[in-house]
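As they're listed, the protein sequences go chains A and B.
Just add 1232 to wherever you are in the first sequence, counting from 1, and you've got my numbering.
Just add 32 to wherever you are in the second sequence, counting from 1, and you've got my numbering.
We put the CB at the ideal spot given by N, CA and C, even for glycine.
Below is one structure; the comments refer to it alone.
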Amino acid sequence: MTSMKRRTFLKGSVATSAIGMAVSAGLLTPRMVLAAWPKAAFEASTVDDALSGLFGSTTLTGSDKIKIKAPDIAENGAVVPVSVTTDLAAESISIIAEKNTSPLAASFILGSGTEGYVSTRIKMGKTASVIAVVKSGGKLYSTGKEVKVTIGGCGG
Amino acid sequence: MASIKMRAKASGGVTTIKALISHPMETGTRKDKKTGKKIPAHFIQEVVCAHGDKTVLTANWGAAISKNPYLSFRFKGGNAGDMVKLSWTDNKGNSDSAEVAIK
């Protein structure tokens, strides 16, 4: 199903190259659809830039109330299961892979009744720390876990 | 297009959501082996999950989320039979949503 869609997309992109040129010229930005998506934070190439783009602050307080569940050694960097659990009253949980080209992988904004737990799978380019940043009461708390990657999962 | 597989289960006053979305999640840095050209970035940017009219989770994703993303989280409340809706939007403006009843 996905490959079918990609076919039609490829065909479509040839046929509508005029629109494609408009997109590259910045006249039509598909990303304008999502105003809330923190573009600067996701395109940042350092952890600090990602943090300031996301929270406007880079001050992290280490916390033992955040637990990261991730493998010690990830054989395939394209799929690294990561779970973050926290006892803090979390407003948001963000997952950062320190040495990725764009370190910020995901930022979860939790509703009022949502528990401090998220689980997902991320890509990692190389061995690095996975950092979980929890925003609670206006402050940022974090913890990290080293994940060894034997085969990178960011392109090739 | 059914791109979302989702389960919602209530237990002890807490509802657990598990979802799998089928999506290529291209980073934009990978090259097509045949043409040598870069495959354009194509990834989910936002996932929103709502229980009734209340948003329980908004996830902002980058391209570093794995292909065919998996997502799991828990929220307080939710009774068997309540509807939970999950929707996603990607960087090309495509979107999809699915709704399931809590078990």
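Could you check if residue i is buried or exposed, using at least 16 other CB atoms within 10 Å of its CB as the buried criterion?
{"i": "A:D1296", "result": "exposed"}
{"i": "B:S43", "result": "exposed"}
{"i": "A:I1383", "result": "exposed"}
{"i": "A:S1326", "result": "buried"}
{"i": "B:A112", "result": "exposed"}
{"i": "A:S1289", "result": "exposed"}
{"i": "B:G67", "result": "At residue 67 of chain B the sequence reads Thr, which differs from the Gly that was named. Classification of B:T67: exposed, given that the 10 Å Cβ count is below 16."}
Are the C-beta of residue i and some C-beta of chain B separated by less than 9 Å?
{"i": "A:E1307", "result": "no"}
{"i": "A:A1192", "result": "Because chain A in this structure spans residues 1233 to 1388, residue 1192 of chain A falls outside the shown range and cannot be described."}
{"i": "A:T1313", "result": "For the sequence presented, residue 1313 of chain A should be read as Pro rather than Thr. Judged by the 9 Å Cβ criterion, A:P1313 is in contact with chain B."}
{"i": "A:I1300", "result": "no"}
{"i": "A:E1323", "result": "no"}
{"i": "A:E1347", "result": "yes"}
Which chain A residues are close to residue i, counting only those with a beta carbon under 8 Å from its beta carbon?
{"i": "B:I97", "result": "A1337, A1338, T1352, R1353, I1354 and K1355"}
Residues of chain B with CB closer than 8 Å to the CB of residue i, please, in chain order.
{"i": "A:P1270", "result": "N92"}
{"i": "A:S1334", "result": "G94, A95 and A96"}
Using a Cβ-Cβ cut-off of 9 Å, state whether residue i counts as contacting chain A.
{"i": "B:L118", "result": "no"}
{"i": "B:R106", "result": "yes"}
{"i": "B:V132", "result": "no"}
{"i": "B:G109", "result": "yes"}
Just the chain B side, please: which residues come within less than 9 Å of residue i by C-beta, in chain order?
{"i": "A:A1329", "result": "A96"}
{"i": "A:I1341", "result": "T87, L89, T90, A91 and N92"}
Taking C-beta pairs closer than 7 Å, name the residues in chain B that residue i reaches, listed in chain order.
{"i": "A:T1285", "result": "Reading the sequence as shown, one finds Gly at residue 1285 of chain A and not Thr. Going along chain B, no residue has its Cβ under 7 Å from A:G1285, so there is no contact; the nearest lies around 11 Å."}
Quiz item: Which residues, in chain order, does the stretch 68-92 of chain B contribute to contact with chain A at a C-beta distance below 7 Å?
Solution: Q77, E78, K86, T87, V88, L89, T90, A91 and N92
Practice problem: Counting only runs of 3+ residues fully inside the stretch 63-96 of chain B, write out the beta strand (DSSP E) ranges in chain order. | Solution: List check, beta strand (DSSP E) in window: 76-83 and 86-93.
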